[in-house]
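First the structure, in the form of structure tokens, and then the observations on it.
Protein chains: 2
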Amino acid sequence: MRALNPGSPGSGTGMKKSGKILPKTQGDLARLAGVTRVTVNKALAGHASVNSETRERICLLARELGYRPNAAARAMVTRQSKAIGALLINTDPAFRLYNLTTYEIILGINARLQEDGYLLNLVNVADLGDDTGRQSRVFTEHLVDGLIAIGRIPDAISRHVQEMPVPCIWADGNTWSAEHCIRRDERQAAALAVDELVRLGYREIVFFGSPTLSGPDMHYSMVDRHEGARSAALERGLPFREMLLDRDDAAAWEPGRFKKILSKTTGIVTGDAVFARRLSDLAVLHWGLKAGLDYGMDCCDDSRMILQFYPQLCRVSFSRFDLGFKAGEMMLDCLRQPEPLCPSQKLSGQWISGETAQKQPVAAARTAAGTGRGR
Amino acid sequence: MRALNPGSPGSGTGMKKSGKILPKTQGDLARLAGVTRVTVNKALAGHASVNSETRERICLLARELGYRPNAAARAMVTRQSKAIGALLINTDPAFRLYNLTTYEIILGINARLQEDGYLLNLVNVADLGDDTGRQSRVFTEHLVDGLIAIGRIPDAISRHVQEMPVPCIWADGNTWSAEHCIRRDERQAAALAVDELVRLGYREIVFFGSPTLSGPDMHYSMVDRHEGARSAALERGLPFREMLLDRDDAAAWEPGRFKKILSKTTGIVTGDAVFARRLSDLAVLHWGLKAGLDYGMDCCDDSRMILQFYPQLCRVSFSRFDLGFKAGEMMLDCLRQPEPLCPSQKLSGQWISGETAQKQPVAAARTAAGTGRGR
DNA sequence: CTGAAAGCGCTTACAG
DNA sequence: CTGAAAGCGCTTACAG
């Protein structure tokens with residue numbers, strides 16, 4: 014049985030460092046300041062119920078002596094960890110199918126949370142499927158005050174998440190309901206891309222995107238872009254074609270397939286920048302055809318990668334950083350006031366002018382529409 | 014003064030959920046199982062000192078009733094949070110100068126830490142410079158068991174970090190010492206790129222990279238690639254030139270500068286993939302010159318972005334995921350056994366064959382070296 | 001405005 | 001193998 018010291022628990026354990034006492038606890042500080050632990054606590058919390066002079070004296074002392082509060086102790090008593098979990102999918106080291114754009118969302122979330130003193134914990138849920146596997150402690154313990162699921166989350170995991178005793182925000186994922194979701198308006202983005210091509214005088218629209226149009230592997234954004242491009246083209250009375258192929262399957266990019274599509278009057282809309290990059294590389298290497306001169310091309314997506322690897326691409330921009338920032342904001346709103354639930358948001362895209370689509374001479378465009386290759 | 018209940022603190026607070034009692038604490042479980050809290054604790058921890066039958070009964074009960082341990086309570090008493098902080102620089106929302114490849118390192122770190130039940134907290138240290146600014150709680154509280162600094166960290170922040178009472182690993186940054194650092198061997202990478210060009214018959218080496226060769230903004234990798242390429246070229250007796258320019262300054266990429274550099278015998282070594290992409294776009298658009306056919310080009314870097322935006326690039330690959338994974342490993346080693354300190358590591362790169370450099374006919378190459386353009 | 005007391009939920013050293 | 005007791009460092013409700 015150890016000796017009890019109810020008057021000042023944790024006191025007597027201050028360590029020395031460079032001649033000074035390093036106070037480990039508020040009790041240590043209290044002894045040094047000649048007040049009780051409660052006063053120290055209130056002073057550090059900025060409570061008005063402490064004499065302002067005393068308060069400043071204590072705060073100064075704490076700063077000088079390098080006192081650091083113990084987050085765990087506070088979390089236990091306040092029943093909040095001030096930490097949020099970010100759920101990431103597809104980061105399994107065996108596959109490494111991670112999506113770099115997720116990082117931009119994460120940085121946005123973190124920027125907002127950090128403003129309010131919240132921390133962001135990364136949670137890889139790639140292999141949560143098998144219950145026998147090692148789950149993150151985030152799922153098995155009381156550890157975070159909320160969760161933000163990023164991107165497409167498998168249904169099994171979504172259900173698991175919904176049973177957690179903390180609020181969850183769905184950021185840029187396939188999950189969509191009236192509350193707690195935040196997404197890009199990709200139909201609007203595709204329509205914007207089509208409109209720009211029309212404005213420049215292109216006379217037919219070809220959409221490049223992924224084939225599995227509503228399979229479980231498909232992200233909502235690709236589905237919405239496809240539908241947005243199609244309906245925009247039809248509304249404007251333009252011929253619409255689609256080239257649906259696997260972005261990463263070399264065989265699908267056999268050049269012969271694409272030659273006859275490209276003409277001065279063709280406006281390409283690509284689902285993402287990889288399609289744009291692949292197509293333009295192929296066209297210039299095989300036939301010397303240049304985007305903007307020999308055909309037009311707009312992309313529905315933007316990202317930091319595009320800024321580095323295809324800056325001249327005409328595109329619709331959604332800042333994923335902003336999306337994340339807003340998701341963080343939504344989470345903080347939920348925590349401040351659980352009811353009513355936060356309404357979902359759809360962000361709209363901005364047009365970024367590039368060089369891969371350019372004004373077509375009206376006459377030439379008309380002729381070209383007939384002959385297939387004008388000017 | 015509240016009533017004391019020393020026999021079973023926290024008991025009596027179990028909540029009901031779908032007809033079952035949801036045990037909040039080990040005390041709740043203990044009452045349900047008819048044992049003491051200590052036995053529950055030991056059983057859940059897998060202690061051998063509990064009868065195996067009792068142990069399994071308790072674990073089963075806990076699982077069935079959905080008991081979740083309180084991480085903060087455990088952290089307080091064990092004095093470890095089982096969380097590691099990842100220090101990120103340049104993520105300031107005002108600038109957004111973040112580097113996407115950092116994400117690959119982070120995922121690697123997280124994969125390793127998650128295996129051992131550790132969490133990763135993201136810490137944006139972009140504006141730590143001004144003490145008045147809002148610092149992350151990671152720096153002001155006892156919150157993480159260790160820190161991993163990723164990439165180039167400003168000196169002021171490095172010093173701050175070194176004063177923290179937890180171990181720190183320096184992953185892929187400019188900081189280098191005998192312990193606790195992990196880096197890519199970029200001199201070796203550049204030498205590898207040069208060797209491949211030599212093997213294919215290119216007769217002169219031109220290095221493309223950033224100009225500020227040892228300023229505070231420069232990452233070690235660019236400096237090492239430059240020196241590695243130069244010394245490798247000189248060792249092999251090849252003429253060596255360097256084109257140092259700002260990657261992101263459009264004026265610096267004025268095409269006229271580059272035309273005379275490109276020839277069938279020129280082997281370009283680029284510091285990173287953005288240089289490679291810019292140069293090859295420019296060459297094909299302005300003069301129809303193609304990498305691999307009209308000149309050779311190797312890159313010292315690899316990343317997931319390159320896989321998407323320049324897969325045919327000849328390059329040296331360092332998996333940043335692996336680098337992060339090893340940094341996580343190093344951190345866990347430090348925590349298990351603080352002494353002796355973990356020795357630093359330098360990772361070596363792997364060659365990835367592409368199409369941007371190809372075997373030159375020996376005779377043609379010789380002629381070309383004289384005339385400037387052969388075949 | 002200040003302080004003595006209770007308690008957050010867990011772990012551990014010790015006694016039986 | 002099991003249990004009663006103490007304590008981790010903090011916050012909060014209450015009394016003075």
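Chain order of the listed sequences is F and Y. When you line the first sequence up against the numbering used here, it's residues 14 to 388, in that order. When you line the second sequence up against the numbering used here, it's residues 14 to 388, in that order. By construction, the Cβ of each residue, glycine as well, lies at the ideal position given by its N, Cα and C atoms. The model shown is predicted, which means the values in this text are computed figures rather than measured ones.
Any C-beta of chain Y sitting closer than 7 Å to the C-beta of residue i?
{"i": "F/Q127", "result": "yes"}
{"i": "F/N54", "result": "no"}
{"i": "F/L156", "result": "yes"}
{"i": "F/L57", "result": "no"}
{"i": "F/Q321", "result": "yes"}
{"i": "F/M318", "result": "yes"}
{"i": "F/K68", "result": "Note on residue identity: the sequence assigns Arg, not Lys, to residue 68 of chain F. Chain Y contact via Cβ: absent."}
{"i": "F/R150", "result": "yes"}
{"i": "F/P106", "result": "Caution applies to F/P106, whose pLDDT of 46 falls short of 50 and renders its modelled position unreliable; the model cannot decide the point."}
{"i": "F/L135", "result": "yes"}
{"i": "F/L306", "result": "no"}
{"i": "F/L113", "result": "yes"}
Less than 7 Å between CB atoms is the rule here; does residue i satisfy it with respect to chain F?
{"i": "Y/T145", "result": "Interpretation of Y/T145 is limited by its pLDDT of 40, a score under 50 that renders its predicted location unreliable; the figure taken from the coordinates is listed afterwards. It does not: the Cβ of Y/T145 has no partner Cβ on chain F nearer than 7 Å."}
{"i": "Y/M310", "result": "no"}
{"i": "Y/V174", "result": "no"}
{"i": "Y/V297", "result": "yes"}
{"i": "Y/L132", "result": "yes"}
{"i": "Y/N64", "result": "no"}
{"i": "Y/Y215", "result": "no"}
{"i": "Y/Y233", "result": "no"}
{"i": "Y/L120", "result": "yes"}
Given that a residue counts as buried once 16 or more other Cβ atoms are within 10 Å of its Cβ, and exposed if not, what is residue i?
{"i": "Y/G47", "result": "exposed"}
{"i": "F/K277", "result": "buried"}
{"i": "F/A370", "result": "buried"}
{"i": "Y/G59", "result": "exposed"}
{"i": "F/H299", "result": "exposed"}
{"i": "F/T38", "result": "buried"}
{"i": "F/G269", "result": "exposed"}
{"i": "F/K95", "result": "buried"}
{"i": "Y/T91", "result": "exposed"}
{"i": "Y/L247", "result": "exposed"}
{"i": "F/K272", "result": "exposed"}
{"i": "Y/P180", "result": "buried"}
{"i": "F/L205", "result": "buried"}
{"i": "F/P36", "result": "buried"}
{"i": "F/D262", "result": "exposed"}
{"i": "F/S65", "result": "exposed"}
{"i": "F/Q175", "result": "exposed"}
Considering only the beta carbon of each residue, do residue i and residue j sit closer than 7 Å?
{"i": "F/I97", "j": "F/L133", "result": "yes"}
{"i": "F/H340", "j": "F/I218", "result": "It should be pointed out that residue 340 of chain F corresponds to Ala in this sequence rather than to His. No, these two residues do not count as a Cβ contact at 7 Å."}
{"i": "Y/L336", "j": "Y/I118", "result": "yes"}
{"i": "F/L354", "j": "F/E192", "result": "yes"}
{"i": "F/R249", "j": "F/C313", "result": "no"}
{"i": "F/Q127", "j": "Y/N123", "result": "no"}
{"i": "Y/F331", "j": "Y/G121", "result": "no"}
{"i": "Y/Y308", "j": "Y/T279", "result": "yes"}
{"i": "F/G362", "j": "F/V329", "result": "yes"}
{"i": "Y/A56", "j": "Y/I71", "result": "yes"}
{"i": "Y/A184", "j": "Y/I195", "result": "yes"}
{"i": "Y/A88", "j": "F/A85", "result": "yes"}
{"i": "Y/A203", "j": "Y/A242", "result": "yes"}
{"i": "F/V282", "j": "Y/Q321", "result": "no"}
{"i": "F/E154", "j": "Y/P351", "result": "no"}
{"i": "F/R125", "j": "F/E342", "result": "yes"}
Runs of alpha helix (DSSP H) wholly within the region 263 to 324 of chain F (minimum 4 residues, chain order): 269 to 272, 286 to 300 and 317 to 322
Where the region 263 to 290 of chain F meets chain Y: residues whose CB sits under 7 Å from a CB there: V287 and R290
Secondary structure, alpha helix (DSSP H): runs of 4+ residues fully inside the region 79 to 160 of chain Y: 84 to 91, 114 to 128 and 150 to 153
Alpha helix (DSSP H) runs wholly inside the region 207 to 259 of chain F, at least 4 long, in chain order: 233 to 248
Short-range partners of chain F found in the region 71 to 93 of chain Y, where Cβ spacing is below 7 Å: R81, P82, N83, A84, A85, A86, A88 and M89
Contact set between the region 333 to 349 of chain F and chain Y, restricted to residues whose Cβ is under 8 Å from the partner: F334 and F338
Residues in the region 183 to 205 of chain Y having any Cβ partner in chain F nearer than 9 Å: none
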